[in-house]
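Same order as they appear, the protein sequences are chains A and B. Residues in the first sequence are numbered from 1 upward in steps of one, following my numbering. Residues in the second sequence are numbered from 479 upward in steps of one, following my numbering. By construction, the Cβ of each residue, glycine as well, lies at the ideal position given by its N, Cα and C atoms.
There are 2 protein chains.
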Amino acid sequence: MTPEEFRRYGRQVVDWIADYQEKVESYPVLSRAEPGDVLADLPAHPPERGEGFEAVLADLDRVVMPGITHWQHPAFFAYFPSNTSGPAILGDLLSAGLGVQGMLWATSPACTELETRVLDWLAELLGLPAGFRSEGTGGGVIQDSASSAALVAILAALHRADGGTSGRDGITRRHTLYISSQTHSSLEKAARIAGIGAANVRVVDVDPATLAMDPAHLDALLTEDAAAGALPVLVCATVGTTSTTAVDPVPAIGAVCRRHGVWLHVDAAYAGVAAVCPELRWVNDGLAEYADSYSTNPHKWLLTNFDCTAMWVADRAPLTGALSILPEYLRNQATTSGEVIDYRDWQIPLGRRFRALKLWSVIRWYGAEGLREHVRTGVRLAADLAARIGADPGFELLEHHPFGLVCFRPRWDGLPADEADAATMRLMERLNASGDLYLTHTRAGGRVLLRMAVGAPATGPEHIEAAWRRVREEALAG
Amino acid sequence: MTPEEFRRYGRQVVDWIADYQEKVESYPVLSRAEPGDVLADLPAHPPERGEGFEAVLADLDRVVMPGITHWQHPAFFAYFPSNTSGPAILGDLLSAGLGVQGMLWATSPACTELETRVLDWLAELLGLPAGFRSEGTGGGVIQDSASSAALVAILAALHRADGGTSGRDGITRRHTLYISSQTHSSLEKAARIAGIGAANVRVVDVDPATLAMDPAHLDALLTEDAAAGALPVLVCATVGTTSTTAVDPVPAIGAVCRRHGVWLHVDAAYAGVAAVCPELRWVNDGLAEYADSYSTNPHKWLLTNFDCTAMWVADRAPLTGALSILPEYLRNQATTSGEVIDYRDWQIPLGRRFRALKLWSVIRWYGAEGLREHVRTGVRLAADLAARIGADPGFELLEHHPFGLVCFRPRWDGLPADEADAATMRLMERLNASGDLYLTHTRAGGRVLLRMAVGAPATGPEHIEAAWRRVREEALAG
């Protein structure tokens, strides 16, 4: 494709996206495709000869769009938001256009140094500890996901716990990891990947009311495991759990970790970016004193399209110790000098895209002011929704909703527990099938609850009102 | 950013990229930035108020571009190419614009089904075994990198070797992994990540002339390790090593793996896509009979911008067995039905972008014909370069150059070995500092060689000629 053709088709694609942004509301939120529908509409064999880009765009509309669930729809409440925004899309486009690969500082210094600076900016915007900034022993890096950030944290923690050996050679002690029943499943997955084993993932009790991790039980488990000869490696505390946005008591958990010499990873994938607002900065409690590693996702609620997980460590030595290997063909003067960061040593893959461009674009376009306004809008809309639910005697509400997630369900007066759960699931399925909104469920306090996560940039008060009206209607109809 | 603003800035960015494509040759290939230069030009603090997108584009030119090493420059020969192309950029742009997240089939059916179909297309284009196609027990998936593909293969192999347990709970036997000295460093890194340990990575001898893995030595090591009570897990054979594009004898290695019941992973990250040309389809030898998993990178030499590693397995059960976890909030009818693929169970992270769009765009725009032409151009230009080097009595050439990589160096007649190596390094550093071309080095057969990897879409015969002229001049000047 020549530069001239790229100009022409590029404009068509930009217009296609702008049109999509304008009409996203006209689509059913949840795709109505059945398994195999999209496959059946795609040719079984690749073309022998090239086609024009118009043909791709035509098939995008005809074949792909019916199979799209619209994450940017204002009535998408199913999962935590996966925000995209104009400046993020354009930052990503510039990254694709430049086509550089930032595995080493030397392979494009700007790719590394812009990332370092933008992560320092984000740390400042969120009021994160000074120790996370690049000028000290710590630093930030963009990972593809909070799952990978958790895995990387575990590998760094293993490296530190094992006294700096590589890949735990010769270590025969059992390693243990600490989560709660509310911790994201990626922690158990990471423990399996890292060879710790699912059986060595210890599940700490939660407070039945708040669903927050119990530091006393954590302390007891750590003591018990160490006494039994195990080597406790990492505790994961969560700020804003996936199920109900529960908040683990990081300061108390951190004090226990300190006492036992265990790595503290704080997973604030969804809620961490809320700290851009001073009134929500309590989400950082305990980080400065206790956190060894921390992650939050601008690709959820901070207007930066997936993938963009921001991860910081207080000390980068165990991280690079765990993940660095230098074969001859990657050796270069800058790396050998020790004066530069090679981000390949901070992550699982070797290659990496220039993802800092999109985060840079977002922060510059919106400014601190605009980012705060976006988060505040989500919190305010969620509070409005919760107020409506709380005022309705036919519904029960989970009182804890400090961010954008609201959990609730009809009271189903008179129904036994399992029938009430089934009725809640049927209600959700009817709502989702309607295409008017999309929500998910969870199980908390022994019952099934509906989850409505507010935070898509397109969502306004009118969408909250319409969604709540639909939920009530449908609950009455069921 | 409103849709109207997006249209306006989108056009500016498209034009910026088209301009860049037109003038990429005018930049020094290797950035002249010193450590800290880019950082020093970036404000220490994020903006309080949002700025216009013009300001971002202005700083892109002023601050970022001097720190860019130009991977798309026609004289970029340093690493294997990291191709980008118009249709790939536009496919990626569409993915960013849609902003869907394909962790589950249900979260956008088209994101999953287009990926399945496009990987089947690519398997057909490359003449890969029928068993890799989605209609049988196998299937393909897009990973971010060959590093992650190798890690995922190891996890699947561990799962199978341990009889289907999760995370090797209770397994106390030592696990072993088999590579050669020429295998990519990501395999050792993956072994460390997966808890196998660097000490349990066994290095199989290579033939000193071809640098290909010796199947007889592999057999001996496997026998020895099993006798010592270890559990051999995976053998990695490479088709087109990073250092010199050596090709391991996959059929013979596969027969050894079969006899020992060990998983065979074939890493063809760079060279695998060459199979799009029938005359290079020998790179697939042994796959149909023996390979349990296989990966190749359209993001290297097949015109699809990073990240896009294509990975296939002959049996998807151990892969999903190793990587699947289903918490309540991800439970949905489609997943429970077993009728759909949830690609989150095929990879490390949970979230995933709609990367199939760019591969689809590339295959449709170029067609089989265009892809073959691109690979053939690279092979032909490399052969031309090798012919020039081979005809020059002042240079020695590594005779093996079946793809786009040519390894060589001046003869340095009369210099002792270590001085010849140092002179070669100095030659490379002078060439790279000139900005006229960018190449790297490796160590093979006990000596330092220069590596010139041809394959950027912009590279033509004139760039090969100019590069060779510069190398000769500079070698004479040294």
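Label lysine 501 of chain B either buried or exposed according to how many other C-beta atoms from any shown protein chain fall within 10 Å of its C-beta, with 16 as the threshold for buried.
-> Taking the second sequence and counting its residues from 1, the one referred to as residue 501 of chain B is at position 23. Result: exposed.
Interface partners of leucine 597 of chain B on chain A, CB under 9 Å = As a working note, residue 597 of chain B is residue 119 in the second sequence. None at all; the shortest Cβ gap to chain A is about 11 Å.
Which term fits aspartate 770 of chain B, buried or exposed, when burial requires 16 or more other beta carbons within 10 angstroms of its beta carbon?
-> Taking the first residue of the second sequence as position 1, residue 770 of chain B is located at position 292. Buried, by the Cβ-count rule.
Which runs of the beta strand (DSSP E) fall wholly inside the segment 725-760 of chain B and span at least 3 residues, in chain order?
-> 741-745
Could you name the residues that DSSP lists as bridge partners for isoleucine 467 of chain B?
-> Nothing about residue 467 of chain B can be read from this structure; chain B reaches only from 479 to 956.
What does DSSP give as the partner residues of proline 888 of chain B in its beta bridges?
-> Against the second sequence, residue 888 of chain B aligns to sequence position 410. Per DSSP, B/Phe873.
Mind checking whether arginine 259 of chain A and tyrosine 290 of chain A have CB atoms under 8 Å apart?
-> Taking the first residue of the first sequence as 1, we reach residue 259 of chain A at position 259. Taking the first residue of the first sequence as 1, we reach residue 290 of chain A at position 290. Taking 8 Å as the Cβ cut-off, arginine 259 of chain A and tyrosine 290 of chain A do not qualify as a contacting pair.
Please check if any C-beta of chain A sits within less than 8 Å of the C-beta of alanine 852 of chain B.
-> Walking along the second sequence from the start, residue 852 of chain B turns up at place 374. Reading off the sequence shown, one finds histidine at residue 852 of chain B, where the question assumed alanine. It does not; no Cβ of chain A falls within 8 Å.
Work out the CA separation of glycine 609 of chain B and aspartate 509 of chain A for me, nearest whole Å.
-> Limits of chain A in this structure are 1 at one end and 478 at the other, which puts residue 509 of chain A out of reach.
Note down, in chain order, every chain B residue with its Cβ under 7 Å from the Cβ of asparagine 284 of chain A.
-> The residue given as residue 284 of chain A occupies position 284 in the first sequence. Simply none; closest approach about 17 Å.
In the structure shown, what three-state DSSP assignment does histidine 919 of chain B receive?
-> Within the second sequence, residue 919 of chain B is the residue found at index 441, counting from 1. Strand, per DSSP.
From A/Val235, A/Asn200, A/Gly390, residue whose alpha carbon lies closest to that of proline 251 of chain A | Counting from 1 along the first sequence, the entry for residue 251 of chain A is found at position 251. For proline 251 of chain A, the nearest C-alpha among the options comes from A/Val235.
Apart from the five residues on each side of it in sequence, which residues of its chain come closer than 7 Å, Cβ to Cβ, to leucine 397 of chain A?
-> For this step, residue 397 of chain A is matched to residue 397 along the first sequence. Result list for leucine 397 of chain A: Ala386, Ile389, Gly390, Phe408, in chain order.
Threonine 137 of chain A vs arginine 426 of chain A beta-carbon contact at 8 Å | The residue labelled residue 137 of chain A in the question sits at position 137 within the first sequence. The residue labelled residue 426 of chain A in the question sits at position 426 within the first sequence. No.
Would you mind stating whether phenylalanine 80 of chain A and lysine 358 of chain A have Cβ atoms separated by less than 8 Å?
-> For the purposes of this step, residue 80 of chain A is taken as the residue at position 80 of the first sequence. For the purposes of this step, residue 358 of chain A is taken as the residue at position 358 of the first sequence. It is not a contact, given that the beta carbons lie outside the stated cut-off.
Determine, using beta carbons only, whether tyrosine 366 of chain A comes closer than 8 Å to chain B.
-> Here residue 366 of chain A refers to the residue found at position 366 when the first sequence is read from its first residue. By this cut-off, tyrosine 366 of chain A is an interface position.
Is the number of C-beta pairs between the segment 691-701 of chain B and the segment 717-732 of chain B that are closer than 8 Å three or more?
-> yes
Using a C-beta cutoff of 8 Å, does leucine 125 of chain A count as contacting chain B?
-> Taking the first sequence and counting its residues from 1, one reaches residue 125 of chain A at position 125. Closer than 8 Å to some Cβ of chain B, the Cβ of leucine 125 of chain A qualifies, so yes.
Backbone secondary structure at glutamine 621 of chain B - three-state DSSP | Along the second sequence, read from residue 1 onward, the residue named residue 621 of chain B stands at position 143. Correct three-state label for glutamine 621 of chain B: strand.
For methionine 930 of chain B: DSSP bridge partner residues | Sequence index remark: in the second sequence, residue 930 of chain B carries index 452 (1-based). Beta-bridge pairing links methionine 930 of chain B to B/Val884.
Would you give the residue range spanned by the alpha helix (DSSP H) that alanine 334 of chain A belongs to?
-> In the first sequence, counting from the first residue as 1, residue 334 of chain A sits at position 334. Counting along the chain, alanine 334 of chain A sits inside the alpha helix (DSSP H) bounded by residues 333-337.
Taking any Cβ of chain A, which residues in the segment 729-754 of chain B have a Cβ under 9 Å from it, in chain order?
-> none
Contact with chain B by glycine 131 of chain A, beta-carbon distance below 8 Å | Locating residue 131 of chain A in the first sequence gives position 131, counting from the first residue. Not closer than 8 Å to any Cβ of chain B, the Cβ of glycine 131 of chain A fails to qualify, so no.
Alpha carbon to alpha carbon, how far is leucine 520 of chain B from histidine 743 of chain B? Give it in angstroms, no decimals.
-> Start at 1 with the first residue of the second sequence, and residue 743 of chain B comes out as number 265. Start at 1 with the first residue of the second sequence, and residue 520 of chain B comes out as number 42. Spanning the two alpha carbons is a distance of roughly 44 Å.
Unbroken alpha helix (DSSP H) run spanning alanine 382 of chain A, endpoints = The residue labelled residue 382 of chain A in the question sits at position 382 within the first sequence. Taken as a continuous stretch (DSSP letters only), the alpha helix (DSSP H) holding alanine 382 of chain A covers 356-390.
Could you tell me whether any Cβ in chain B is nearer than 8 Å to the Cβ of tyrosine 9 of chain A?
-> Counted from its first residue, the first sequence places residue 9 of chain A at position 9. Chain B, which has a Cβ nearer than 8 Å to the Cβ of tyrosine 9 of chain A, makes this yes.
Under a Cβ-count criterion, where at least 16 other Cβ atoms within 10 Å of its own Cβ denotes burial, should glutamate 591 of chain B be classed as buried or exposed?
-> Taking the second sequence and counting its residues from 1, the one referred to as residue 591 of chain B is at position 113. Counting Cβ neighbours within 10 Å, glutamate 591 of chain B comes out buried, since at least 16 surround it.
Residues sharing a beta bridge with threonine 716 of chain B, DSSP | The count along the second sequence starts at 1 and reaches residue 716 of chain B at position 238. Answer by DSSP bridge pairing, in chain order: B/Asp745.
Spell out whether any CB of chain A is found under 8 Å from the CB atom of arginine 527 of chain B.
-> Residue numbering aside, residue 527 of chain B sits at position 49 when the second sequence is read from its first letter. At a cut-off of 8 Å between beta-carbon atoms, arginine 527 of chain B makes contact with chain A.
Is it true that the CB of isoleucine 819 of chain B sits closer than 8 Å to the CB of alanine 194 of chain A?
-> For the purposes of this step, residue 194 of chain A is taken as the residue at position 194 of the first sequence. For the purposes of this step, residue 819 of chain B is taken as the residue at position 341 of the second sequence. It is not a contact, given that the beta carbons lie outside the stated cut-off.
For the segment 699-712 of chain B, enumerate the residues whose C-beta is nearer than 9 Å to any C-beta of chain A, in chain order.
-> Residues: none.
Contained alpha helix (DSSP H) runs [length at least 4] in the segment 757-832 of chain B, N- to C-terminal order | For the segment 757-832 of chain B, the full-length alpha helix (DSSP H) segments reaching 4 residues or more read 765-768, 776-779, 795-801, 811-815 along the chain.
Selected residue, minimal CA-CA separation from proline 232 of chain A, among A/Asp120, A/Ile154, A/Asp345, A/Pro66 = What you label residue 232 of chain A is simply residue 232 of the first sequence in a count that begins at 1. Out of A/Asp120, A/Ile154, A/Asp345, A/Pro66, A/Ile154 has the C-alpha closest to the C-alpha of proline 232 of chain A.
Would you check if the distance between the CB atom of alanine 860 of chain B and the CB atom of valine 884 of chain B is smaller than 8 Å?
-> Numbered from its first residue, the second sequence carries residue 860 of chain B at position 382. Numbered from its first residue, the second sequence carries residue 884 of chain B at position 406. Yes, they are a contact pair.
Does any CB atom of chain A fall closer than 8 Å to the CB of glutamate 483 of chain B?
-> As a first step, residue 483 of chain B must be located in the second sequence, where it is residue number 5. Yes, glutamate 483 of chain B counts as interfacial toward chain A.
Ordered list of beta strand (DSSP E) runs contained in the segment 561-590 of chain B, each at least 3 residues = The segment 561-590 of chain B contains no whole beta strand (DSSP E) run of 3 or more residues.
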